[in-house]
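Here's the structure, in structure tokens; my notes come after.
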Amino acid sequence: MPTHVIEKNVTDERGTLLDFVEAQRGGLRRALLGLTEEQAALKPSASELSLGGLLKHAAQAERNWLLLAQGRGAETEHDESAWADGFRLLEGETVAGVLAHWEQVAAETEKFIRSVPSLEDTFPLPEAPWFPADTRVSMRWLLLHLVEEFARHAGHADVIRESLDGKTAFELVALASGDAES
């Protein structure tokens with residue numbers, strides 16, 4: 035891992051978990067540094083994944099989980115066509131637009147998590163063949179799931195970016211911090 039989460043306050047579990055979520059968001063965002071829209075849409079491997087599509091998926095996934103935790107229901111249906119469209123930028127969608135949207139979602143997530151009375155508060159998992167029926171999960175679970183989701187896709191993004199131009203996650207961290215040239 036090219037970045038480390040340093041615990042700011044050992045008694046602030048929410049803050050630590052939110053910092054881990056943000057660190058994994060950063061891995062996905064950095065994978066797009068310096069790329070054109072065309073490069074962000076490329077699929078340089080046997081996979082159907084592109085960096086722009088991974089970015090969009092992560093933002094949508096976080097938004098949907100946030101809405102579920104708030105008891106508002108997901109925005110995205112999980113049928114086959116909507117699932118595929120969630121992994122690619124459609125006409126009119128841009129990397130900059132998705133990044134701006136995700137920034138808003140991230141702020142909403144932090145505000146919501148900081149406002150819930152307890153990380154033990156629960157919400158129901160949606161009906162889906164891959165979830166056990168009638169199961170509730172905690173806000174802690176939500177944050178850990180976001181870490182899991184983003185880390186998985188940050189790994190995909192690392193491979194895709196390195197396939198595009200050879201830049202590694204370490205180089206992108208240096209680029210993002212201003213310690214390297216593009």
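Going from the sequence shown to the numbering used here is simple: count from 1 and add 34. We put the beta carbon where it would ideally sit given N, CA and C, even for glycine. Keep in mind that this is a model prediction, so the values were computed, not measured.
- Item | Arg122, DSSP secondary structure in three states | Your numbering for residue 122 matches position 88 in the sequence shown. If DSSP states are grouped into helix, strand and coil, Arg122 belongs with coil.
- Check whether the Cβ atoms of Ala191 and Gly107 lie closer than 9 Å to each other. Translated into positions along the sequence shown, residue 191 becomes position 157. Translated into positions along the sequence shown, residue 107 becomes position 73. No, Cβ-Cβ distance for Ala191 and Gly107 is not below 9 Å.
- Task: Spell out the partners DSSP gives Thr70 in its beta bridges.
- Result: As a position in the sequence shown, residue 70 is number 36, starting the count at 1. DSSP output for Thr70 lists no bridge partner at all.
- Message: So, at 7 Å on beta carbons, what are the nonlocal neighbours of Arg63 in its own chain, with the 5 sequence-adjacent residues on each side left out?
- Response: For the purposes of this step, residue 63 is identified with residue 29 of the sequence shown, where counting begins at 1. For Arg63, where only same-chain residues beyond five positions count, the Cβ hits under 7 Å are Leu133.
- Query: Where does Val171 sit, in a helix, a strand or coil, going by DSSP?
  - Reply: The sequence position of residue 171 within the sequence shown is 137, counting from 1. Three-state DSSP puts Val171 in a strand.
- Name the DSSP beta bridge partners of Phe157, please? Taking the first residue of the sequence shown as position 1, residue 157 is located at position 123. Answer by DSSP bridge pairing, in chain order: Val171.
- Query: Does the Cβ of Ser211 have 16 or more other Cβ atoms within 10 Å, making it buried, or fewer, making it exposed?
  - Reply: If you number the sequence shown from 1, residue 211 lands on position 177. The residue is exposed, with fewer than 16 neighbouring Cβ atoms inside 10 Å.
- Pick out whichever of Ala130, Gln94, Glu137, Trp99 has its Cα sitting closest to the Cα of Ala116. Within the sequence shown, numbered from 1, the residue matching residue 116 stands at position 82. Cα-wise, what sits closest to Ala116 is Gln94.
- Pick out whichever of Leu69, Thr143, Thr37, Asp119 has its Cα sitting closest to the Cα of Gly49. Position 15 of the sequence shown, counting from 1, holds the residue named residue 49. When only C-alpha atoms are compared, the closest one is Thr143.
- Message: Going by C-alpha to C-alpha distance, which of Arg97, Ala140, Leu89, Gln104 sits closest to Arg122?
- Response: Translated into the one-based positions of the sequence shown, residue 122 becomes position 88. Minimum Cα distance to Arg122 is reached at Leu89.
- Determine the closest residue to Ala103 out of Trp136, Ser197, Ala208, Met173, with distance taken between C-alpha atoms. Numbered from its first residue, the sequence shown carries residue 103 at position 69. Of the candidates Trp136, Ser197, Ala208, Met173, the one whose C-alpha sits nearest the C-alpha of Ala103 is Met173.
- Could you check the C-alpha separation between Ser84 and Thr156 for me, to the nearest Å? As a working mapping, residue 84 is identified with position 50 in the sequence shown. As a working mapping, residue 156 is identified with position 122 in the sequence shown. Each residue's Cα considered, the two are about 34 Å apart.
- Task: Out of Ala92, Asp119, Ala167, Leu124, state which residue places its alpha-carbon closest to the alpha-carbon of Glu56.
- Result: The sequence position of residue 56 within the sequence shown is 22, counting from 1. The residue with the shortest Cα to Cα distance from Glu56 is Ala92.
- Complete runs of the alpha helix (DSSP H) confined to the stretch 48 to 99 [at least 4 residues]: 71 to 75
- Task: Express the C-alpha separation of Glu127 and Asp119 in angstroms, rounding to a whole number.
- Result: Translated into positions along the sequence shown, residue 119 becomes position 85. Translated into positions along the sequence shown, residue 127 becomes position 93. Approximately 11 Å between the Cα atoms of the pair.
- Message: Helix, strand or coil, according to DSSP, for Lys201 in the structure here?
- Response: Residue 201 sits at position 167 when you count from the first residue of the sequence shown. If DSSP states are grouped into helix, strand and coil, Lys201 belongs with coil.
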